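Number of protein chains: 2
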Amino acid sequence: MSLESIRYERGRLEILDQLLLPLQTRYIKVQGVEDGWKVINKMQVRGAPAIAIVGCLSLAIEILKDDCVDKKIMRQEIEGKLNYLVSARPTAVNIKLAADELINLANSLSADENVTADDFRERLIRNIESMLIKDIEDNKAIGKFGCETILKRLEGDSHVRVLTHCNTGSLATAGYGTALGVIRSLHAAKRLEHVYCTETRPYNQGARLTAYELVHEKIPSTLIIDSMVSALMHARNITAVVVGADRVAANGDTANKIGTYQIAIVAKYHNVPFYVAAPLTSIDMSLKSGDRIKIEERPDREMTHIGEHRIAAPGISCWNPSFDITPASLITGIIIEKGVFSPGKLHEAVP
Amino acid sequence: MSLESIRYERGRLEILDQLLLPLQTRYIKVQGVEDGWKVINKMQVRGAPAIAIVGCLSLAIEILKDDCVDKKIMRQEIEGKLNYLVSARPTAVNIKLAADELINLANSLSADENVTADDFRERLIRNIESMLIKDIEDNKAIGKFGCETILKRLEGDSHVRVLTHCNTGSLATAGYGTALGVIRSLHAAKRLEHVYCTETRPYNQGARLTAYELVHEKIPSTLIIDSMVSALMHARNITAVVVGADRVAANGDTANKIGTYQIAIVAKYHNVPFYVAAPLTSIDMSLKSGDRIKIEERPDREMTHIGEHRIAAPGISCWNPSFDITPASLITGIIIEKGVFSPGKLHEAVP
Chain F
1 MSLESIRYER GRLEILDQLL LPLQTRYIKV QGVEDGWKVI NKMQVRGAPA
51 IAIVGCLSLA IEILKDDCVD KKIMRQEIEG KLNYLVSARP TAVNIKLAAD
101 ELINLANSLS ADENVTADDF RERLIRNIES MLIKDIEDNK AIGKFGCETI
151 LKRLEGDSHV RVLTHCNTGS LATAGYGTAL GVIRSLHAAK RLEHVYCTET
201 RPYNQGARLT AYELVHEKIP STLIIDSMVS ALMHARNITA VVVGADRVAA
251 NGDTANKIGT YQIAIVAKYH NVPFYVAAPL TSIDMSLKSG DRIKIEERPD
301 REMTHIGEHR IAAPGISCWN PSFDITPASL ITGIIIEKGV FSPGKLHEAV
351 P
Chain Y
352 MSLESIRYER GRLEILDQLL LPLQTRYIKV QGVEDGWKVI NKMQVRGAPA
402 IAIVGCLSLA IEILKDDCVD KKIMRQEIEG KLNYLVSARP TAVNIKLAAD
452 ELINLANSLS ADENVTADDF RERLIRNIES MLIKDIEDNK AIGKFGCETI
502 LKRLEGDSHV RVLTHCNTGS LATAGYGTAL GVIRSLHAAK RLEHVYCTET
552 RPYNQGARLT AYELVHEKIP STLIIDSMVS ALMHARNITA VVVGADRVAA
602 NGDTANKIGT YQIAIVAKYH NVPFYVAAPL TSIDMSLKSG DRIKIEERPD
652 REMTHIGEHR IAAPGISCWN PSFDITPASL ITGIIIEKGV FSPGKLHEAV
702 P
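Just so you know, the sequences run in chain order F and Y. Read in our numbering, the first sequence has 115 at position 115, and its numbers run on one by one without any break. The number in our numbering is simply the position in the second sequence, starting from 1, with 351 added.
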């Protein structure tokens, strides 16, 4: 079964400490909002969907323990705590959207005289719990559609060799994963021959996290260096590339981990289909194209050091954009929980 | 002036210990063939031209100290010592070729009755010393031709932004460098705005060695991760790519450090000219095309560890080809010491 990065049952939350991966597998208890803020801020949990869910679940843990009878005070506290949670990683948009939704719900429940304080608590907790379930369901739907669309291109019942980039698995979502979910589905369908994952410099999410998940689940897999993608496509007959997305613009241009654009170019050169797998919440129809997406630049130290160990010449300056934009023209299909759409038909899928 | 990786005057040889770079700059005295073997075998010196020159210079140091009067014994010793030196890095072809040349010279001098033992020593030492001079001269010619060809494409006296991969500088040659020699020439001509160098995973020659040379010589430069090349070409207006070569086939297909092929593909996509800079000795007209070049695969540990520090998930398997083949169709020009040739015209340049 999938690696569990988030272990939750009502009143109990534990998360896998991603800072210790891949060398140690240790879960941390999250006993309330303060713990939630800490694990998000310290990056013990990462990946936009996972951050949103862990933050909200930490609130659910706290709401359950609360015995306040005044809904107005509760509403006020919930709003304050959600804003506090959002502040742990201010650039992660998913937790902000989830917080806004919960604040709206709290407002309307608070205003409704037929709702008791206990009902109020129960409804909020259920709403949060449903986020966890929905994220996994959406990922499984993405996995199913992605698996189907990749297999549809094949003749007979041959097996596929897939390449992925960065980490889009159980460790970045509530579970299962987006691009890695597609790979899980292919494996479950017994049609996956092999998956290749890139190291994903400079933060090494591929080598540390994706490789960890693949080894954990005994999926036949091989790690390559980011610059080996072309050599790999030349040497082995790669069936498809599947990557995740940080954000998809209305025209299909996709912002994702640095290096994605390069993989899309070399996939086109080798006639390998290139898929983006992401939940609907990653599609931002307010952005006409990828040009409007601001590229975050990260500290030099991520490139010059591994832990405390310096790996680059002292004095060299660095350029460290954390993601790049893959133009829609290089994307074969965008896999969402409703199906697979060519970039040009994305508007048909998004309400 | 260029970084001195090899310091030589008659009777005295020191090499820069590349294992300590970029954190420490320390020279090692090489007092004879045994020291020469050690620095080559331990990779304190690397780069095919540099290995050949350091090996032969270590022999020159030893010949000078020798006071034998029997040319036949000397001839025999020299052959033995050269074969011993070649054994330090058996795959480096340049030192084998240089050794063969010296053995031929020793044979003919030994057979010539007009040559005294002292003449014999002097001729061999001079021949070795001339290798050092010739390598630097060839590199400077490569630099000059490369600089001219890149500037010729520009309008007016604008400045260039160049990208390079791996290390092809003073640290890989007798001095000056091939691709990095072209960059040095552009800088000397005051036409270089900026050079970008890739990290060059998994052995990080770009981050450790090229960055070290560029900082040392105050050439305006920035380090990028291998997967950032496309984002860089999109964001900054790159004038040209210049890389080195391990071997060039008769049709222009070029074997070079892993990742070169990928850079050539994305350069084509962005309409950026792509140059290979290499001495004539790297061109192998006996190979019809790159298909005939065997790709060396290196140990997993190079990918999974940085020093003693594990950076990849335990249990993951790795694919670690040390170079790839860039097809001639992606190469704008091959820069050798005789000029710049399109891959299809290489046969005109090579005798």
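Every residue, glycine too, gets a C-beta built ideally from N, C-alpha and C. As the structure is a prediction and not an experimental result, all values here were calculated from the model.
- prompt: Using a beta-carbon distance below 8 Å, is residue 382 of chain Y in contact with chain F?
  reply: Chain F, which has no Cβ nearer than 8 Å to the Cβ of residue 382 of chain Y, makes this no.
If contact is defined by three or more beta carbon pairs under 8 Å, each pair taking one atom from either stretch, is the segment 302-309 of chain F in contact with the segment 271-289 of chain F? No contact exists between the segment 271-289 of chain F and the segment 302-309 of chain F.
Roughly how many whole angstroms lie between the Cα atoms of residue 693 of chain Y and residue 593 of chain Y?
Linking residue 693 of chain Y to residue 593 of chain Y through their CA atoms gives a straight-line distance of about 14 Å.
Contacting residues, own chain, Cβ-Cβ under 6 Å from residue 422 of chain Y (five flanking each side not counted)
461, 468, 471, listed in sequence order.
Check your understanding: Over what stretch of residues does the alpha helix (DSSP H) that includes residue 267 of chain F continue unbroken?
Key -> Counting along the chain, the alpha helix (DSSP H) containing residue 267 of chain F begins and ends at 260-269.
Please compile the residues from chain F whose C-beta is within a distance smaller than 9 Å of the C-beta of residue 654 of chain Y.
199, 207, 223, 224, 225, listed in chain order.
Open item on the list: Output needed for residue 167 of chain F: all residues of its chain with C-beta closer than 6 Å, excluding positions within five of it in sequence on either side, in chain order.
Closed with: Once the five neighbours on either side are set aside, the close Cβ partners of residue 167 of chain F are 205, 209, 210.
- prompt: Can residue 626 of chain Y and residue 684 of chain Y be called in contact, C-beta distance under 8 Å?
  reply: For residue 626 of chain Y and residue 684 of chain Y, yes; Cβs fall inside 8 Å.
Quiz item: What whole-angstrom Cβ distance do residue 564 of chain Y and residue 354 of chain Y have, given they're in contact under 8 Å?
Solution: About 5 Å separates the Cβ atoms of residue 564 of chain Y and residue 354 of chain Y, confirming a contact at the 8 Å cut-off.
If we ignore side chains and look at the alpha-carbon of each, how far apart do residue 452 of chain Y and residue 159 of chain F end up?
Approximately 53 Å between the Cα atoms of the pair.
Exercise. Are the Cβ atoms of residue 369 of chain Y and residue 397 of chain Y separated by less than 8 Å?
Worked result: Yes, the pair counts as a contact, with Cβ atoms nearer than the cut-off.
TODO: Kindly give me the distance between the Cβ atoms of residue 40 of chain F and residue 88 of chain F, rounded to whole angstroms, as I take these residues to be in contact under 8 Å.
DONE: With a Cβ gap of about 4 Å, residue 40 of chain F and residue 88 of chain F count as contacting.
For residue 285 of chain F, count the other beta carbons within 10 Å of its own beta carbon; 16 or more makes it buried, fewer makes it exposed. Which is it? Per the 10 Å Cβ criterion, exposed.
Point to revise | Beta carbon proximity, residue 170 of chain F to chain B, threshold 8 Å | key: The structure shown contains no chain B; its protein chains are F and Y.
- Go to residue 378 of chain Y, then tell me how far its alpha helix (DSSP H) extends in each direction, as first and last residue. Careful: residue 378 of chain Y lies outside any alpha helix (DSSP H), inside the beta strand (DSSP E) at 378-380.
Specify the secondary structure class of residue 660 of chain Y as computed by DSSP and reduced to three states. In the three-state reduction of the DSSP assignment, residue 660 of chain Y falls in the strand class, which pools E and B.
**Request:** Starting from residue 412 of chain Y, follow the alpha helix (DSSP H) in both directions and report where the run begins and ends.
**Result:** Start and end: 399-416.
- Item | Assumed close pair residue 486 of chain Y, residue 524 of chain Y - CB separation to whole angstroms, cut-off 8 Å | That belief holds up - the Cβ atoms of residue 486 of chain Y and residue 524 of chain Y are roughly 6 Å apart, short of 8 Å.
Taking CB distances under 8 Å as the criterion, tell me whether residue 528 of chain Y reaches chain F.
No, residue 528 of chain Y lies away from the interface with chain F (no Cβ there is under 8 Å from its Cβ).
For residue 108 of chain F, three-class secondary structure by DSSP:
Here residue 108 of chain F sits in helix by DSSP.
Problem - Short Cβ contact (8 Å threshold) for residue 490 of chain Y with residue 527 of chain Y - result: In contact: residue 490 of chain Y and residue 527 of chain Y (Cβ atoms closer than 8 Å).
Check the C-beta distance from residue 266 of chain F over to residue 229 of chain F and give it rounded, since I have them as a contact under 8 Å.
Confirmed, about 5 Å.
Practice prompt. Report the rounded CA-to-CA distance for residue 82 of chain F versus residue 246 of chain F, giving the unit in angstroms.
Written response: Here the C-alpha atom of residue 82 of chain F lies approximately 22 Å from the C-alpha atom of residue 246 of chain F.
Look up residue 672 of chain Y in the DSSP assignment and say whether it is helix, strand or coil. Here DSSP, grouped into helix, strand and coil, assigns residue 672 of chain Y to strand.
Along chain Y, in chain order, which residues have C-beta atoms closer than 9 Å to that of residue 159 of chain F?
Those do not exist, as residue 159 of chain F stays about 18 Å from chain Y at its closest Cβ, beyond 9 Å.
Q: Can you check DSSP and say which residues form a bridge with residue 284 of chain F?
A: According to DSSP, residue pairing for residue 284 of chain F in a beta bridge involves F:249.
Would you kindly check if the distance between the Cβ of residue 351 of chain F and the Cβ of residue 258 of chain F is under 8 Å?
-> Residue 258 of chain F places its beta carbon 8 Å or farther from that of residue 351 of chain F.
Practice task
For residue 187 of chain F, return the contacting residues in chain Y, with the cut-off set at a CB-CB distance below 7 Å.
Solution key: By Cβ distance, chain Y contributes nothing, its closest Cβ being about 16 Å from residue 187 of chain F, past 7 Å.
### Message
Using C-beta distances below 7 Å, list every residue in its chain close to residue 492 of chain Y, excluding the 5 sequence neighbours before and after it, in chain order.
### Response
Excluding sequence neighbours, residue 492 of chain Y sits near 688.
So, are the CB atoms of residue 180 of chain F and residue 169 of chain F less than 8 Å apart?
Yes, the Cβ-Cβ distance between residue 180 of chain F and residue 169 of chain F is below 8 Å.
Chain-ordered neighbours of residue 661 of chain Y on chain F, where CB pairs are closer than 7 Å: Residue 661 of chain Y reaches chain F at 23, counting residues in chain order whose Cβ is nearer than 7 Å.
### Message
Which residues in chain Y have a C-beta closer than 8 Å to the C-beta of residue 324 of chain F? List them in chain order.
### Response
One finds 579, 581, 582, 585 in chain Y with Cβ atoms closer than 8 Å to the Cβ of residue 324 of chain F, taken in chain order.
- Message: Please report the straight-line C-alpha distance between residue 307 of chain Y and residue 612 of chain Y, rounded to a whole angstrom.
- Response: Past the boundaries of the shown model lies residue 307 of chain Y; chain Y is included only from 352 to 702, so the question cannot be answered.
- [ ] Compute the distance between the beta-carbons of residue 641 of chain Y and residue 605 of chain Y, then report whether it is under 8 Å.
- [x] Yes, the pair counts as a contact, with Cβ atoms nearer than the cut-off.
query = Which chain F residues sit within Cβ distance under 8 Å of residue 682 of chain Y?
reply = Residue 682 of chain Y does not reach chain F, its nearest Cβ partner there being about 14 Å away, counting only Cβ pairs nearer than 8 Å.
What are the residues that DSSP puts in a beta bridge with residue 7 of chain F? The beta-bridge partner set that DSSP reports for residue 7 of chain F consists of F:14.
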